[in-house]
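Residue numbers (my numbering), protein chains in the order written: chain B, 1 to 244; chain G, 1001 to 1298.
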Amino acid sequence: MGYHWNWGVFASPVPSGETSYLGWMISGFETTLALSLSAWLIALVIGSGMGVLRTVPNRWLAGLAAAYVELFRNIPLLVQLFIWYFVLPELLPAGLGDAYKGTNPLLQQFVAAMVCLGLFTGARVCEQVRSGINSLPRGQKYAGLALGLTLPQTYRYALLPMAFRIIVPPLTSEFLNIFKNSAVASTIGLLELAAQGRQLVDYTAQPYESFIAVTLTFMALNAIVMSLMHLLEARTRVPGSMGT
Amino acid sequence: MRVHRLFATALACSLLAAPVLAQELTGTLKKIKDSNTIALGHRESSIPFSYYDDKQQVIGYSQEMMLKVVDAVKAELKLPNLQVKLTPVTSQNRIPLVQNGTVDIECGSTTNNLERQKQVAFSNTIFVIGTRLLVKKDSGIKDFPDLAGKNVVTTAGTTSERLIRKLNEDKKLGMNIISAKDHGESFLTLETGRAVAFMMDDALLAGEMAKAKRPADWVVLGTPQSREAYGCMMRRDDPAFKKLADAALAKAMTSGEAEKIYKKWFMAPIPPKGLNLMFPMSEDVAAIFKNPNDKAFE
């Protein structure tokens, strides 16, 4: 079809001259990495906390956690992102909202995307933590309480250490998902890897090179995450469970 | 005698018909003739060039110019019942869609430049814009240097995006540049106060202003950073179709029809809000109406 391949495009300087197209891809990669890892941290903390609350006897606390999951799991990620980025600053008191919107827009985009991805993934982590806890024999909880541990102590010393070891495989999936989902941040203008790839197409009209590079980078990134998580899985696996 | 006349008539007919027969249809014209369909590419929110009205009909200045080309195709191919297929395109997919044959011609707000000429062909210029700024009247911004250290928005994939980045780098203005997905989102960024200025083609800025909650609060200003010629896009290396399109547009421009269309879209109330853009014809536009041509400015 007469496509003109040019892999040298990455080495050529961008029009404004301060870096090469490869520089754009690297900066996009760094943004994707920073965004995904910080969002993952939020997801783990919130997800674990909410996952525990889902299983406590107190109906109000369990209801609160259930509401969180329903809210963040049932709204499309893209819509959530638009709400965090466009709508929420308008709901703040006028002075505060204006001050926020006057800050560096790149930071605003990053914060909105980080919070959005973190809470969205947190809802999914929450469900896995809950199912991890629920998969334990009931007797473990009663044994802990019978030993005189308080409920928080039972969670801390008996239930959670087991639950987390059980849910490492599904958490790996969520960890991989967060890298892939981070690409939606390009819709609010955050220049992460996918956005840099598209921008490169706009500027150079070399779509195949650009999208191949973006694809390979995402695949490499996820391959690394997967092997690290496999190591973790092997080390934390509960002996006697899952066919080993 | 009678036979002679008949013979002469037949001869005359065949002579007249000869050029048509000899000139076998090729490329886009053949595709249109064979399918009895012409595929038009249009924009969804390039006000007032090509956009949807409240009944989801495609309207606008460029759309009417494109229909002139459709009329010429109908006449040339003798297809009075030619079917028209409309396909919406975006800044990012318009060139591939023309190249792969999804649309035969696209008239919207596409700049004709040398870089794009490597990929597609452009018709006679239908409009000329300058890239300028949309700001709030009381913002205190008068021109590009006033933007130093401020937040500025533009639309991703446009020539304005490149120009403002280069300006930022060359003059060390320290602007924070936001690249929004489309013109609507750029304007939302401006209207909500995230950016103090929106850089774009001046005519499109006037169009965005028309959508604002209070149009009177806004103003287009600043030294144009570039002049750009809008043309209709077609596939490359298809001289027969380009010639037809060029001729149809040139006829509209020199006959005064184009001026009427201009007045309808830039000097009179337009949908969706019935606002008048009051965007008088520039010298550049008057010049191309007088001497239609397909030259790019850069």
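Glycine is no exception: its CB is placed at the ideal position from the N, C-alpha and C atoms. Model, not experiment: these values are computed from the prediction.
Original post:
Do you know offhand how far L1077 (chain G)'s Cα is from T1028 (chain G)'s?
Top reply: Residue numbering aside, residue 1077 (chain G) sits at position 77 when the second sequence is read from its first letter. Residue numbering aside, residue 1028 (chain G) sits at position 28 when the second sequence is read from its first letter. About 12 angstroms.
Original post:
Closest Cβ-Cβ distance between N1151 (chain G) and chain B: below 8 angstroms?
Top reply: Numbered from its first residue, the second sequence carries residue 1151 (chain G) at position 151. It does: the Cβ of N1151 (chain G) has a partner Cβ on chain B nearer than 8 angstroms.
Original post:
Under 8 angstroms, do T1110 (chain G) and Y1230 (chain G) count as touching if we go by C-beta distance?
Top reply: Here residue 1110 (chain G) corresponds to residue number 110 of the second sequence, with the count starting at 1. Here residue 1230 (chain G) corresponds to residue number 230 of the second sequence, with the count starting at 1. Result yes, Cβ atoms of T1110 (chain G) and Y1230 (chain G) sit closer than 8 angstroms.
Subject >> Rounded C-alpha distance that separates L1163 (chain G) from G1222 (chain G) >> reply: Indexing the second sequence from 1 puts residue 1163 (chain G) at position 163. Indexing the second sequence from 1 puts residue 1222 (chain G) at position 222. Each residue's Cα considered, the two are about 14 angstroms apart.
Subject >> C-alpha gap between A62 (chain B) and P89 (chain B), whole angstroms >> reply: Here residue 62 (chain B) is taken as the residue at index 62 of the first sequence, counted from 1. Here residue 89 (chain B) is taken as the residue at index 89 of the first sequence, counted from 1. So the two alpha carbons sit approximately 30 angstroms from each other.
Original post:
Can you give the beta carbon distance from S1091 (chain G) to G1157 (chain G), rounded, assuming they're within the 8 angstroms contact cut?
Top reply: By 1-based counting over the second sequence, the position of residue 1091 (chain G) is 91. By 1-based counting over the second sequence, the position of residue 1157 (chain G) is 157. Yes, S1091 (chain G) and G1157 (chain G) are in contact; Cβ-Cβ is about 4 angstroms, under 8 angstroms.
**OP:** Kindly indicate which three-state DSSP category R1162 (chain G) falls into: helix, strand or coil?
**Re:** Against the second sequence, residue 1162 (chain G) aligns to sequence position 162. Helix.
Subject >> the region 172 to 181 of chain B in contact with the region 120 to 127 of chain B per 3-pair CB rule at 8 angstroms >> reply: With the cut-off at 8 angstroms, the region 172 to 181 of chain B and the region 120 to 127 of chain B touch.
**OP:** For D1054 (chain G), count neighbouring Cβ atoms within 10 angstroms of its own Cβ and tell me buried if that reaches 16, exposed if not.
**Re:** Along the second sequence, one-based indexing puts residue 1054 (chain G) at 54. Counting Cβ neighbours within 10 Å, D1054 (chain G) comes out exposed, since fewer than 16 surround it.
Subject >> Buried/exposed call for A112 (chain B), threshold 16 Cβ in 10 Å >> reply: In the first sequence, the residue the question calls residue 112 (chain B) occupies position 112. With 16 or more other Cβ atoms within 10 Å, it is buried.
**OP:** Determine, using beta carbons only, whether E1169 (chain G) comes closer than 8 angstroms to chain B.
**Re:** Within the second sequence, the letter at position 169 stands for residue 1169 (chain G). So yes, E1169 (chain G) belongs to the interface.
Original post:
Residues of chain G with a CB under 8 angstroms from the CB of F86 (chain B): which are they?
Top reply: As a first step, residue 86 (chain B) is located in the first sequence; it is residue number 86 there, counting from the start. Near F86 (chain B) (Cβ distances below 8 angstroms), the residues of chain G are L1188 and T1192.
Subject >> Local conformation of V1120 (chain G) per DSSP, three classes >> reply: Residue numbering aside, residue 1120 (chain G) sits at position 120 when the second sequence is read from its first letter. Three-state DSSP puts V1120 (chain G) in coil, outside helix and strand.
Original post:
Taking the alpha-carbon positions, what's the F1198 (chain G) to R165 (chain B) distance?
Top reply: Indexing the second sequence from 1 puts residue 1198 (chain G) at position 198. Indexing the first sequence from 1 puts residue 165 (chain B) at position 165. Distance between the alpha carbons of F1198 (chain G) and R165 (chain B) is about 52 angstroms.
**OP:** With T1125 (chain G) as the anchor, note down where its beta strand (DSSP E) starts and where it stops.
**Re:** Numbered from its first residue, the second sequence carries residue 1125 (chain G) at position 125. For T1125 (chain G), there is no enclosing beta strand (DSSP E), as DSSP marks it with neither H nor E.
Original post:
Could you give the residue range of the alpha helix (DSSP H) that holds G95 (chain B)?
Top reply: For this step, residue 95 (chain B) is matched to residue 95 along the first sequence. Taken as a continuous stretch (DSSP letters only), the alpha helix (DSSP H) holding G95 (chain B) covers A94 to K101.
Subject >> A1039 (chain G) burial status per 10 Å Cβ neighbour count (16 or more: buried) >> reply: Against the second sequence, residue 1039 (chain G) aligns to sequence position 39. Classified as buried, A1039 (chain G) has 16 or more neighbouring CB atoms from the shown chains inside 10 Å of its CB.
Subject >> One or two residues paired with M1234 (chain G) in a DSSP bridge >> reply: Your numbering for residue 1234 (chain G) matches position 234 in the second sequence. Per DSSP, G:A1121.
**OP:** Determine, using beta carbons only, whether S1179 (chain G) comes closer than 8 angstroms to chain B.
**Re:** The residue given as residue 1179 (chain G) occupies position 179 in the second sequence. S1179 (chain G) counts as touching chain B.
Original post:
Looking only at its own chain, which residues have a Cβ that is under 7 angstroms from the Cβ of R54 (chain B), when we skip the five neighbours before and after it?
Top reply: Counted from its first residue, the first sequence places residue 54 (chain B) at position 54. Correct list, in chain order: A62, A65, A66, C126 and R130.
Subject >> Near-chain B residues of the region 1193 to 1214 of chain G (beta-carbon distance less than 8 angstroms), N- to C-terminal order >> reply: Within the region 1193 to 1214 of chain G, the qualifying residues are G1193, R1194 and A1195.
Original post:
How is Q1083 (chain G) classed by DSSP in three states: helix, strand or coil?
Top reply: Working through the second sequence from its first residue, we reach residue 1083 (chain G) at position 83. If DSSP states are grouped into helix, strand and coil, Q1083 (chain G) belongs with the strands.
Subject >> Segment limits, beta strand (DSSP E) that includes F1198 (chain G) >> reply: By one-based count along the second sequence, residue 1198 (chain G) stands at place 198. From DSSP, the beta strand (DSSP E) with F1198 (chain G) extends over A1197 to D1201.
**OP:** For A112 (chain B), decide whether its Cβ has a neighbour in chain G, counting only Cβ atoms nearer than 8 angstroms.
**Re:** Walking along the first sequence from the start, residue 112 (chain B) turns up at place 112. Not one chain G Cβ lies under 8 angstroms of A112 (chain B).
Original post:
What whole-angstrom Cβ distance do Q196 (chain B) and G28 (chain B) have, given they're in contact under 8 angstroms?
Top reply: In the first sequence, counting from the first residue as 1, residue 196 (chain B) sits at position 196. In the first sequence, counting from the first residue as 1, residue 28 (chain B) sits at position 28. Yes, Q196 (chain B) and G28 (chain B) are in contact; Cβ-Cβ is about 3 angstroms, under 8 angstroms.
Subject >> A234 (chain B) burial status per 10 Å Cβ neighbour count (16 or more: buried) >> reply: The residue labelled residue 234 (chain B) in the question sits at position 234 within the first sequence. Looking at its Cβ environment, which holds fewer than 16 other Cβ atoms inside 10 Å, A234 (chain B) is exposed.
Original post:
In whole angstroms, what is the alpha-carbon distance linking M1 (chain B) and V214 (chain B)?
Top reply: Sequence index remark: in the first sequence, residue 1 (chain B) carries index 1 (1-based). Sequence index remark: in the first sequence, residue 214 (chain B) carries index 214 (1-based). The predicted position of M1 (chain B) is uncertain, since its pLDDT is 48 and thus under 50; a value taken from the coordinates is nonetheless stated next. Spanning the two alpha carbons is a distance of roughly 23 angstroms.
**OP:** Can you give me the Cβ contacts of W24 (chain B) inside the same chain, cut-off strictly under 6 angstroms, excluding the 5 residues immediately before and after it?
**Re:** In the first sequence, residue 24 (chain B) corresponds to position 24, counting from 1. Closer than 6 angstroms at the Cβ level, and outside the excluded window around W24 (chain B), lie Q196.
Original post:
Is there at least one Cβ from chain B nearer than 8 angstroms to Q1119 (chain G)'s Cβ?
Top reply: As a working mapping, residue 1119 (chain G) is identified with position 119 in the second sequence. Output row for Q1119 (chain G): interface = yes.
Original post:
Looking at C-alpha atoms only, which residue of B:L231, B:L191, B:Y203 and B:A205 is the closest neighbour of L35 (chain B)?
Top reply: As a working mapping, residue 35 (chain B) is identified with position 35 in the first sequence. The candidate whose alpha carbon is nearest that of L35 (chain B) is B:L191.
Original post:
Quick one: does A1022 (chain G) have its CB under 8 angstroms from some CB of chain B?
Top reply: The residue given as residue 1022 (chain G) occupies position 22 in the second sequence. In this prediction, A1022 (chain G) has a pLDDT of 44, which is less than 50 and means its spatial position is unreliable; what the coordinates show is noted afterwards. Cβ-Cβ to chain B under 8 angstroms: no for A1022 (chain G).
Original post:
Using the rule of at least 16 other Cβ atoms within 10 Å of the residue's Cβ for burial, across every protein chain shown, is L1021 (chain G) buried or exposed?
Top reply: What you label residue 1021 (chain G) is simply residue 21 of the second sequence in a count that begins at 1. Per-residue confidence for L1021 (chain G) stands at a pLDDT of 44, beneath the threshold of 50, marking its modelled position as unreliable; the derived number appears in the next sentence. Result: exposed.
Original post:
Beta-carbon of N1113 (chain G) versus every beta-carbon of chain B: anything under 8 angstroms?
Top reply: Position 113 of the second sequence, counted from the first residue, corresponds to residue 1113 (chain G). With 8 angstroms as the cut-off, N1113 (chain G) does not count as an interface residue toward chain B.
Original post:
From N245 (chain B) to G1149 (chain G), what distance separates their C-alpha atoms?
Top reply: Given that chain B is displayed from residue 1 to residue 244, the structure contains no residue 245 (chain B) and the question cannot be resolved.
Original post:
Quick one, which of G:I1095, G:K1030 and G:A1240 has its alpha-carbon nearest A205 (chain B)'s?
Top reply: Within the first sequence, the letter at position 205 stands for residue 205 (chain B). Here the closest residue by C-alpha is G:I1095.
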